[in-house]
Amino acid sequence: MNTTKMLPLVAVMTGLLAGCGGSSSSGGGAPAAPTYTWQFVHLYSDVKTTVGASCSIFSDDQTVDGNVIAAKIADEGFNILYHNADGSVITDETITDIPATGKVTVNSALIPDGGYVSLEEVVGGLGSRNDVYMFTVQKELMTDLVLNVRQQANRSNDCYQGEQFNLSLSDTAAVAVAQSSVDTSYYQSSYIDSRVTGHELSANIPVKAPLNGTKSVLVTAFDALASNPQEYKELKHFTFVPSNSIYDSTNPPPSLPSVSMEMVDIDGLNIIPNGFSIDNTSNVELAYENEVYQWQPLYDNATTLSYTSSNLSANSWGVKANGTSTNGMWDVNTLTPFAGVDLNLSIPSVNDFSSTAVDSSCVADFCVSSVGFTPNDFDLQRTHVRGVTSLNYDFYQTIFAPADTSQALMESSVVAFQQVSTDRIEVGVAKLDLENSNSVSWFMEKNINLQSIVDIDLANFTDVNGSISLPTPVKNRNISLLSESIVALENSVN
Numbered sequence: 005m006n007t008t009k010m011l012p013l014v015a016v017m018t019g020l021l022a023g024c025g026g027s028s029s030s031g032g033g034a035p036a037a038p039t040y041t042w043q044f045v046h047l048y049s050d051v052k053t054t055v056g057a058s059c060s061i062f063s064d065d066q067t068v069d070g071n072v073i074a075a076k077i078a079d080e081g082f083n084i085l086y087h088n089a090d091g092s093v094i095t096d097e098t099i100t101d102i103p104a105t106g107k108v109t110v111n112s113a114l115i116p117d118g119g120y121v122s123l124e125e126v127v128g129g130l131g132s133r134n135d136v137y138m139f140t141v142q143k144e145l146m147t148d149l150v151l152n153v154r155q156q157a158n159r160s161n162d163c164y165q166g167e168q169f170n171l172s173l174s175d176t177a178a179v180a181v182a183q184s185s186v187d188t189s190y191y192q193s194s195y196i197d198s199r200v201t202g203h204e205l206s207a208n209i210p211v212k213a214p215l216n217g218t219k220s221v222l223v224t225a226f227d228a229l230a231s232n233p234q235e236y237k238e239l240k241h242f243t244f245v246p247s248n249s250i251y252d253s254t255n256p257p258p259s260l261p262s263v264s265m266e267m268v269d270i271d272g273l274n275i276i277p278n279g280f281s282i283d284n285t286s287n288v289e290l291a292y293e294n295e296v297y298q299w300q301p302l303y304d305n306a307t308t309l310s311y312t313s314s315n316l317s318a319n320s321w322g323v324k325a326n327g328t329s330t331n332g333m334w335d336v337n338t339l340t341p342f343a344g345v346d347l348n349l350s351i352p353s354v355n356d357f358s359s360t361a362v363d364s365s366c367v368a369d370f371c372v373s374s375v376g377f378t379p380n381d382f383d384l385q386r387t388h389v390r391g392v393t394s395l396n397y398d399f400y401q402t403i404f405a406p407a408d409t410s411q412a413l414m415e416s417s418v419v420a421f422q423q424v425s426t427d428r429i430e431v432g433v434a435k436l437d438l439e440n441s442n443s444v445s446w447f448m449e450k451n452i453n454l455q456s457i458v459d460i461d462l463a464n465f466t467d468v469n470g471s472i473s474l475p476t477p478v479k480n481r482n483i484s485l486l487s488e489s490i491v492a493l494e495n496s497v498n
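Taken in order, the sequence shown gives residues 5 to 498; the numbers are from the numbering used here.
(1) Can you confirm whether the segment 282–298 touches the segment 317–325 when touching is taken to mean that 3 or more C-beta pairs between the two stretches lie within less than 8 Å?
(2) Within a Cβ cutoff of 6 Å, which residues of the same chain sit near S487, ignoring the five residues on either side of it in sequence?
(3) Of all the alpha helix (DSSP H) runs that stay within the bounds of the segment 382–465, which reach a length of 4 or more residues?
(4) DSSP three-state call for S206: helix, strand or coil?
(5) Am I right that D383 and K435 are in contact with their C-beta atoms under 8 Å? What's the rounded C-beta distance?
(6) Roughly how many whole angstroms lie between the Cα atoms of S484 and D304?
(7) Kindly indicate which residue of V200, D117, Y251 has the alpha-carbon position closest to the one of A177.
(8) Please classify G272 as buried or exposed, where buried requires at least 16 other C-beta atoms within 10 Å of its C-beta.
(9) A291 to S416, Cα distance in whole Å?
(10) On the CB-based measure, 16 or more other CB atoms within 10 Å of its CB, does G70 come out buried or exposed?
(11) Which residues in the same chain have their Cβ closer than 6 Å to the Cβ of R113, if we skip the five residues on either side of it in sequence?
(12) Work out the CA separation of L339 and N355 for me, nearest whole Å.
(13) Taking C-alpha atoms, which residue in F280, V458, Q192 lies nearest to K237?
(14) What are the boundary residues of the alpha helix (DSSP H) that includes S484?
(15) How would you call P116, buried or exposed, if buried means at least 16 neighbouring beta carbons within 10 angstroms?
(16) Once DSSP output is grouped into helix, strand and coil, what is the label at L11?
(17) Can you give me the C-alpha to C-alpha distance between K143 and G119, rounded to a whole angstrom?
(18) At the level of alpha carbons, what is the spacing between S489 and Y397?
(19) By how many angstroms is the C-alpha of G432 removed from the C-alpha of T501?
(20) Since T140 is in the beta strand (DSSP E), which residue starts that stretch and which ends it?
(21) From which residue to which residue does the beta strand (DSSP E) around Y292 run?
(22) Grab the span of the beta strand (DSSP E) containing Q300 for me, first residue to last.
(23) With DSSP as the reference, label A22 as helix, strand or coil.
(24) For a test of the three-state rule: what should DSSP assign to K52, helix, strand or coil?
(25) Can you tell which of T53, T54, V72, Q66 has the C-alpha that lies nearest to the C-alpha of L47?
(26) Can you name, in chain order, every residue of its own chain whose Cβ lies under 7 Å from the Cβ of P214, other than the five neighbours on each side?
(27) Can you tell me whether DSSP reads A306 as helix, strand or coil?
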């Protein structure tokens, strides 16, 4: 087994919990071992009017018009397990009686060095079908968390209280700008959280915003436009349209509130990826008035960047360059600060992953034996296995731990894992600042998709249970990450 890198204790994820305490210690003598609060909730979709005024709303439901994604306290159908470093269960410490608050205190003193703590969700109940879904964190990464569980919470359970995020986006919201150049071919609009749309004309530019929006709209103008697929490049002009200039395109005002555009300071900057190629999920973002906007999309290695600072007071800029590694076909996600100069981006060396498999010749009953990367190049790892029990029921688990090519799988308290050749294995590794809680939170939630959770869609590279955050902490995290450098890679077999 490879020697793992020991990590400093990750800082508490500020803003993640509403009303939950962090680690604790007492004065005098040796400090007490830290304790952490894990809050359990169940995300669900419902009509907004049925959600209480003090209950949290995480997002709009993108598949059911008029619905939102809310949460109830979860207090049954799962256990909390303490594990030794080899994944075996410390039976005496298992927590099966979950309080009605859905809050469980995890005592790090009960976790052996190199050990773990798991959420073990048993779907179907004992004596029936026992599908098991586990979420696991190694001791060195323990922190306060809000964790979603898959099973529907009792209808009488209290809601999870917190902020209500519900934009009520309009299909007819639009803005207009004054045309600054006859060469402009496309106008992109970006509302908060990088909600992007646009079209070719300077009037009636669609916006993914409410008609009564309270935030500005970023409009960027591009000189080059291609179709099939649509790609717009060469960003030359921009402006922020005030929220009171958003109007209904089906009932426009007699005189459109047209806003003048500014010229960017510099364009034609190069982005040079080393060891990977850029794909069209990439973009440049900026923070403005405590919100995140998309400045421009990136389509490939040849896309050039634009930047401005003399006429725009952005708090920070960042480039999200995603793609595929040159060797081994790893999915690549990078976050890099941007200051208006050419960017050279590099990733650690990776290679073929295809011989990665579940292995029983290790210190645990079963391990994921991975190939294609060097653990010392990375700081954090997500290991996700979709296998079966000895009775051929689902046995899924996600483990967050230091990077390692031999990751012990956790034992269940109720079923036994069965090694089969069709086990799906996903491994994600990240090079990031472990002392930065925003970076760690981002990685732990990177494979959580709220819409997939409520749709019960078990897509690949999607965790079925795990850490979730309310919208404001997510937004603040995203703003902070514009100033951070992160490289995350993931691959899979089966």
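Yeah, the Cβ is synthetic: ideal placement off N, Cα and C, and Gly gets one too.
Small disclaimer: the values here were computed from a predicted structure and weren't measured.
The answer reads as follows:
(1) In this structure the segment 317–325 touches the segment 282–298; the number of beta carbon pairs closer than 8 Å is three or more.
(2) Around S487: S320, P341.
(3) Listed in chain order, they are 441–449, 454–459.
(4) Three-state DSSP puts S206 in coil, outside helix and strand.
(5) Confirmed, about 6 Å.
(6) Their Cα atoms are separated by approximately 26 Å.
(7) Nearest option by C-alpha distance: Y251.
(8) By the neighbour-count rule (16 or more Cβ atoms within 10 Å), G272 is not buried but exposed.
(9) Near 44 Å, if we compare the C-alpha coordinates of S416 and A291.
(10) Exposed, by the Cβ-count rule.
(11) A small fix is needed here, since residue 113 is Ala in this sequence, not Arg. Counting only Cβ-Cβ distances below 6 Å, and skipping sequence neighbours, we find A37.
(12) So the two alpha carbons sit approximately 21 Å from each other.
(13) For the options F280, V458, Q192, the alpha carbon positioned closest to that of K237 is the one of Q192.
(14) 475–485 is the extent of the alpha helix (DSSP H) around S484.
(15) Flag for P116 reads exposed.
(16) Any reading at L11 needs caution, since the residue's pLDDT is 41, under 50, leaving its predicted position unreliable; the model's value is listed next. DSSP, read as helix, strand or coil, puts L11 in coil.
(17) Per the coordinates, the alpha-carbon of K143 lies some 6 Å from the alpha-carbon of G119.
(18) Rounded to the nearest whole angstrom, the CA to CA distance from S489 to Y397 is 40 Å.
(19) Absent from the model: residue 501. The displayed extent of the chain is 5 to 498, so no value can be given.
(20) T140 -> beta strand (DSSP E) spans 135–142.
(21) Element bounds for Y292: 286–292.
(22) DSSP places Q300 inside the beta strand (DSSP E), whose first and last residues are 295–302.
(23) Low confidence applies to A22: its pLDDT is 39, below 50, so where it sits in the model is not reliable, and the reading given next is rough at best. Secondary structure of A22 (DSSP, three-state): coil.
(24) In the three-state DSSP reduction, K52 falls in the helix class (H, G or I).
(25) The residue with the shortest Cα to Cα distance from L47 is V72.
(26) Excluding residues up to 5 positions away in sequence, L171, S172, L173, S174, A177 lie with their Cβ nearer than 7 Å to the Cβ of P214 in the same chain.
(27) A306: coil per DSSP, three-state reduction.
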